[in-house]
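Heads up, the thing below is written out as structure tokens.
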Amino acid sequence: MSSLFQRDKSTISRHIKNIFDEGELIKDAVVANFATTASDRKTYQVDYYNLDVIISVGYRVKSKRGVQFRI
């Protein structure tokens, strides 16, 4: 999402946190957590967000790409 909206990862994370804190979306309904093995052969837990989260972030982010997304 950070590359989609051309914003730093911390900005996207803050928007996602606010979406859940404000009750706009319910985390258990829109996030899946999967184990992923990286090239260093370590396993990491990665959150995958559904389209509802991406759309909600798109309406919050203030960037040129965010505006294009909303049009």
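Its first residue numbered 0, the sequence shown is counted upward by one per residue in numbering that gives the first Met the number 0.
Backbone N, C-alpha and C define an ideal beta-carbon position, used for all residues, glycine too.
Just so you know, these numbers come straight off a predicted model, no measurement behind them.
Kindly indicate which three-state DSSP category residue i falls into: helix, strand or coil?
i, result
"residue 45", "strand"
"residue 30", "strand"
"residue 7", "coil"
"residue 56", "helix"
Beta-carbon within less than 7 angstroms of residue i's beta-carbon, same chain only, minus the 5 sequence neighbours each way: which residues are those?
i, result
"residue 26", "19"
Can you find the residues in the same chain that come closer than 6 angstroms, C-beta to C-beta, to residue i, ignoring five residues on each side of it along the sequence?
i, result
"residue 35", "43 and 45"
Are there 16 or more other CB atoms within 10 angstroms of the CB of residue i, so buried, or fewer, so exposed?
i, result
"residue 11", "buried"
"residue 33", "exposed"
"residue 69", "exposed"
Ordered along the chain, which non-local residues of its own chain (more than five positions away) have a Cβ less than 8 angstroms from that of residue i?
i, result
"residue 30", "46, 47, 48, 49 and 52"
Could you please give me the residues that DSSP links to residue i through a beta bridge?
i, result
"residue 35", "43"
Are three or more beta carbon pairs between the region 9-29 and the region 42-56 nearer than 8 angstroms?
yes
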